[in-house]
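Peer 1:
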Amino acid sequence: LELRLAARASALILAAALRREESRGAHFREDFPETDDQNWLGHLRIRQSVPGEEDSLSFEFCPV
1333 LELRLAARAS ALILAAALRR EESRGAHFRE DFPETDDQNW LGHLRIRQSV
1383 PGEEDSLSFE FCPV
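Heads up: the sequence shown begins at 1333 in the numbering used here, then just goes up one per residue.
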């Protein structure tokens, strides 16, 4: 059970990192090498409407 939850958390972190169009901290993207505080200073809230279905993920940006 713990391994499954860790794998799920890793998949959600990856999905959020790929959605950001910038580099921040440990999440470096060659296609977006700069940090963009104007558009991306905040958190991404991820919701899944159907458990286990990747297509049911929705993202909400929450500025800080």
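We treat Cβ as the ideally placed atom computed from N, Cα and C, and that holds for glycine.
What separation, rounded to the nearest whole angstrom, lies between the Cα atoms of Val1382 and His1359?
Peer 2: Residue mapping note: residue 1382 aligns to position 50 of the sequence shown, counting from 1. Residue mapping note: residue 1359 aligns to position 27 of the sequence shown, counting from 1. Going by the C-alpha atoms only, they are around 27 angstroms apart.
Peer 1: Throw me the rounded Cβ distance for the Phe1391 and Gly1374 pair, which I believe falls under 8 angstroms.
Peer 2: In the sequence shown, the residue the question calls residue 1391 occupies position 59. In the sequence shown, the residue the question calls residue 1374 occupies position 42. In fact, because the Cβ distance is near 12 angstroms, the residues do not count as touching under 8 angstroms.
Peer 1: Where do the ends of the alpha helix (DSSP H) carrying Ser1342 lie?
Peer 2: Here residue 1342 is taken as the residue at index 10 of the sequence shown, counted from 1. That run of the alpha helix (DSSP H) goes 1334-1351.
Peer 1: How many Å lie between Asp1387 and Asp1363 at the Cα?
Peer 2: The sequence position of residue 1387 within the sequence shown is 55, counting from 1. The sequence position of residue 1363 within the sequence shown is 31, counting from 1. Roughly 24 angstroms between the two C-alpha positions.
Peer 1: Rounding to the nearest angstrom, what Cα-Cα distance links Asp1369 and Leu1337 in this structure?
Peer 2: Position 37 of the sequence shown holds residue 1369. Position 5 of the sequence shown holds residue 1337. Their backbone Cα atoms lie some 31 angstroms apart in a straight line.
Peer 1: Provide the residue(s) that pair with Pro1365 in DSSP beta bridges, ordered along the chain.
Peer 2: One-based indexing of the sequence shown puts residue 1365 at position 33. None; Pro1365 has no bridge partner.
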